[in-house]
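Residue numbers (the working numbering), protein chains in the order written: chain P, 342 to 458; chain D, 3 to 153.
Read the structure below first, then the notes.
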Amino acid sequence: MEQEIQIRLERHDGVTVFDMHGDLTAFSEPFLKEAYNNANDEGARKILLKFQESAYINSGGIAVLIQLLAETKRNNQQIGITGLSEHFKKIFHMVGITKFAKIHNTVEEALESLSGS
Amino acid sequence: MGEEREMVRMLDGQTIEVSLPNRLGYERIAMETSASFARIVGFVSDRIEDLKTAVAEACLNAIEHGNKARPDARVIVTMNYKDGVLSVSVVDEGEGIEEFPEEPDILEKIENLQTPRGLGIFLIKRLVDQVEFNKMTSEGHMVRMVIKMRG
């Protein structure tokens, strides 16, 4: 029942977008790691994590995300998040992810914020 | 535990039992069953989302920690609705939670001073109205969560 998250990288306005389809769980780790390595190879400075509103996200997935945020902090990269349901926006706030990554309501808003900074 | 059990069964008109194989990913069955039950009895969407996450997290703890990822173990989730109150118990074959994880600190986790794990219990406490951990029963270790319908 392991679900493979599909992550497609796109570039918009100097921002590398991780277009993520599927669920964020502990199983997502190798896929997120690979996407991040690819983004780094392309010299990404600004990253936007784009979720699907229907995504299932659990604490295992949040742990994987926290590890990614640790890397981006170390590498002085900027991270934004978009596409989350209202429920998971709340969860991300509770856990404190918003101290390290801004949550945006739309992709447009996110790109404007990231590329403008 | 170990006897044959249907995965989902109604125990009575207001009680549903879900028996899960001890595999990551299967918590979603309990999560969706509890969501359907909550929807039927009239909970609003945002409360249902809270319930889903709490149930999933309790099952994940049961699978990984309570049952120590043993493939032959099972997680039994029982949900009951009465008088505006939905209670969900998650039972694993373990001995209970010996040491509760410390309150998660995102900064410490980012700085690698705290394990990135341990968020399940934190989320459960914040999402449901009441939770009891470490209730030992004849079936094993139970976590019991209560979620009330708001007026």
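Heads up, the beta-carbon is just placed ideally off N, CA and C, and yes, glycines get one too.
DSSP three-state label for residue 11 of chain D, please.
strand
Close Cβ partners of residue 96 of chain D (< 8 Å) along its chain, the five nearest in sequence each way excluded:
64, 67, 68, 69, 70, 142, 143
Identify whether residue 23 of chain D lies in helix, strand or coil by the three-state DSSP scheme.
strand
Do residue 90 of chain D and residue 148 of chain D count as a contact pair if the criterion is CB distance below 9 Å?
yes
Do you know offhand how far residue 21 of chain D's Cα is from residue 449 of chain P's?
So the alpha carbons of these two residues sit roughly 44 Å apart.
Member of P/446, P/381, P/398, P/345 whose CA lies at the smallest distance from the CA of residue 436 of chain P
P/398
Count the CB pairs spanning the stretch 27-36 of chain D and the stretch 408-421 of chain P that are closer than 8 Å, and state whether there are at least three.
no
For residue 453 of chain P, which three-state DSSP category applies?
helix
Buried or exposed for residue 19 of chain D, please, with buried defined as at least 16 other CB atoms from any protein chain shown within 10 angstroms of its CB.
That one is buried.
DSSP has residue 351 of chain P in a bridge; who is on the other side?
P/358
Chain P residues whose Cβ lies nearer than 8 Å to that of residue 48 of chain D:
427, 428
Under three-state DSSP, which class holds residue 166 of chain D?
Because chain D in this structure spans residues 3 to 153, residue 166 of chain D falls outside the shown range and cannot be described.
Neighbouring residues, chain P, relative to residue 111 of chain D (Cβ below 7 Å):
407
When you compare only the Cα positions, how much space is there between residue 396 of chain P and residue 440 of chain P?
Looking at the two C-alpha atoms, the distance is approximately 22 Å.
Check for me: the beta strand (DSSP E) holding residue 445 of chain P runs from which residue to which?
Unbroken beta strand (DSSP E) run through residue 445 of chain P: 443-445.
Can you tell me whether residue 351 of chain P is buried or exposed? The criterion is at least 16 other CB atoms within 10 Å of its CB, across all chains shown.
With fewer than 16 other beta carbons inside 10 angstroms of its own, residue 351 of chain P counts as exposed.
Residues of chain D with a CB under 7 Å from the CB of residue 410 of chain P: which are they?
112
Between residue 437 of chain P and chain D, is any beta-carbon pair separated by less than 9 Å?
For residue 437 of chain P, the closest Cβ of chain D is nearer than 9 Å.
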